[in-house]
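Single-structure report; data block below.
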Amino acid sequence: MDNTVVSTGTEGKTWGGGNQPLKASYGKMMMWFFIVSDALTFSGFLAAYGFSRFKFLDSWPIADEVFTHIPFYHEPAPMIYVAFMTFVLIMSSVTMVLAVDAGHEMKKAKVTFYMFLTIIGGLIFVGSQAWEWATFIKGDYGAIQTKGGSILQFGEYVEKDGEQVFKRVALKDFAIAAEHTDRTQHESKNGIWFLSEGTLPSYTVEEVLHGLKENSDILVRTQIINEDGHKTVLSRSESIKQIQDNGKMVVEGANLHVNEYGTPLFADFFFFITGFHGFHVFSGVVINIIIFFNVILGTYEKRKNYEMVEKVGLYWHFVDLVWVFVFTFFYLV
Amino acid sequence: MADHAHKLEILRGLIKFKSNTQKIWGVLILLSIVTTVEVVLGIYKPDAFMAHFLGMKILNWVFIILTLVKAYYITWDFMHMRDETKGLRRVVVWTAVFLICYLIFILLQEGGYVFDVYHQEYIKNF
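Quick mapping for you: the protein sequence lines, in order, are chains C and X. According to this note's numbering, the first sequence is numbered sequentially starting from 6. According to this note's numbering, the second sequence is numbered sequentially starting from 20.
Rendered as structure tokens:
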């Protein structure tokens, strides 16, 4: 044995090693495979949302009635704000891809500028999402939850452009607060066993019922969607009967347990999916900031390639890609 | 994309761009148009789109198709999938497409089944 290196006779052939069939660097390929797995995670969440929606197909909240708010503008205007958010994210995707492009041309100043714009876009998006959450948590009209867990909302028919349309009425506009029954919220410091309770609603079911009886125009609207795609409005007598017999709890806004717009599952999925997406945007912004400083410090200039910008760019575009689907399935469909 | 070569055509060669930067702006315009169409349809919900087709409103099919169009251009042009090798493209896209289709089928099928159980059996609504 005079030679320990065994020659296999495959050098230079397909199985001789050293091939790069995908012609991509290790880092870029791993980013792609991470994106595939993350895409499957998000698909799992969105498909689960679809499952719940199909399960409650005839009583699912109508997104256009839930997300109607725009900052500093008080008329209901569905779609506009979320369209703005979508546009911000697409725009920041564009500045990102421009940064990648400038990186290929080794133009440091341009990469810096476009990375900066991308980070700003990401921050605007996360901020908008926080505002959207705050608005959803706060709620706007309030509703009654029944013993069976359904939501009963209130409204009245008003004339608009010669047509009778059902206009929602907030609890505070018709509920009659009873005298001397004000209950204060029980805090752990005041009682034995350090027990506490959640925030009390502004009204009790009895006060809402009293207000309903006094205001003869107010009607109850159930969760059930009728043939025309609208929620069913009950007759006056049926309205009072439902609140009287089945009303259990006043619900204002939405959290993980209750949701004044309909089934709590809607709120749960909204918080979970947009929250998970928002977390991705947030981490994307953090990674972008790190890369931004690396660009400024000249790390990639010394390395003589800006592939790191391209890799973080892939992640950033993926976040935009997910939002495109979240936008469709939460706001449009 | 080691050689930095970009394919500068979109829509099967219908639109050809002179530079990569120009292509990026072109794709932005395309994505903006698609999003605007979605938002306008979402606000006005034209009656013509309200008929049902394969268990869903035509409007919803339109939204889903437009979303897939957007996803295609984000992946192909922003993420440079157009410039990657066929192998990488298939590894990423087909894996995701196959598994996601399976996931959607199984969950929506079961969701529909539970809906039917709720409606045909005696379960209290209020």
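Ideal Cβ placement from N, Cα and C applies to all residues, glycine included. All of these numbers come straight from a predicted model, not from anything done at the bench.
Close CB contacts of Val-110(X) within its chain, under the 8 Å cut and outside five residues either way in sequence, are absent.
No residue range can be given for Ile-93(X), since it is assigned to no alpha helix (DSSP H) and is classified by DSSP as neither H nor E. Between Ile-125(X) and Gly-55(C), the CB-CB gap reaches or exceeds 8 Å. Taking each of Leu-122(C), Val-174(C), Ala-135(C) and Glu-168(C) in turn and checking the Cα distance to Tyr-146(C), the smallest one comes out for Val-174(C). In the three-state scheme derived from DSSP, where H, G and I count as helix and E and B as strand, Met-90(C) is classed as helix. Of all C-beta pairs linking the region 125-142 of chain C to the region 273-290 of chain C, three or more are shorter than 8 Å, placing the two stretches in contact. Ranked by Cα distance from Gly-153(C), the first of Phe-47(C), Gly-252(C) and Phe-335(C) is Gly-252(C). No Cβ of chain C is located within less than 8 Å of the beta carbon of Phe-36(X). In the DSSP assignment, Gln-228(C) falls within the unbroken beta strand (DSSP E) covering 224-230. Below the 7 Å Cβ cutoff, chain C contributes Val-329 as neighbours of Lys-89(X), in chain order. For Leu-107(X), at least one C-beta of chain C is nearer than 8 Å to its own C-beta. When rounded, the separation of the alpha-carbon atoms in Phe-117(X) and Phe-38(C) is 15 Å. A direct Cα-to-Cα measurement between Ile-229(C) and Glu-70(C) gives close to 14 Å. Per DSSP, reduced to three states, the secondary structure at Thr-19(C) is helical. In the structure shown, the three-state DSSP call for Gly-252(C) is strand.
Taking C-beta separations shorter than 6 Å and ignoring five residues to either side along the sequence, the partners of His-74(C) in its chain run Thr-140, following chain order. By alpha-carbon distance to Lys-89(X), the top candidate from Val-329(C), Val-131(C) and Glu-211(C) is Val-329(C).
CA-CA distance, Ala-272(C) to Thr-279(C), rounds to 10 Å.
Under the Cβ criterion of 8 Å, Glu-28(X) is not counted among the residues facing chain C. DSSP places Ala-148(C) inside the beta strand (DSSP E), whose first and last residues are 148-151.
Within the DSSP bridge table, the entry for Glu-28(X) names Lys-35(X) as partners.
For the region 41-58 of chain C, the set of positions with a beta-carbon nearer than 8 Å to some beta-carbon of chain X reads Val-41, Ala-44, Leu-45, Ser-48, Gly-49, Ala-52, Ala-53, Gly-55, Phe-56, Ser-57 and Arg-58 in chain order. At the C-beta level, Ala-104(C) and Gly-318(C) come within 8 Å of one another. Counting of Cβ neighbours within 10 angstroms places Gly-32(X) among the exposed residues, the total staying below 16. At a cut-off of 8 Å between beta-carbon atoms, Ala-24(X) makes no contact with chain C. In this model, Met-100(X) and Phe-72(C) are separated by some 34 Å (Cα to Cα).
In this structure, the CA atom of Ile-295(C) is about 57 Å from the CA atom of Leu-217(C).
What Leu-319(C) touches in chain X, judged by beta-carbon distance under 8 Å, is Met-98, going in chain order. Per DSSP, Gly-160(C) is one residue of the beta strand (DSSP E) stretching across 156-165. Among the CB atoms of chain X, none fall inside 8 Å of the CB of Val-93(C). Taking the CA atoms as reference points, Gly-203(C) sits about 37 Å from Ala-44(C). According to the DSSP assignment, Glu-168(C) belongs to the beta strand (DSSP E) that extends over 168-173.
The C-beta separation of Leu-73(X) from Val-99(C) comes to about 35 Å, leaving the pair out of contact by the 8 Å criterion.
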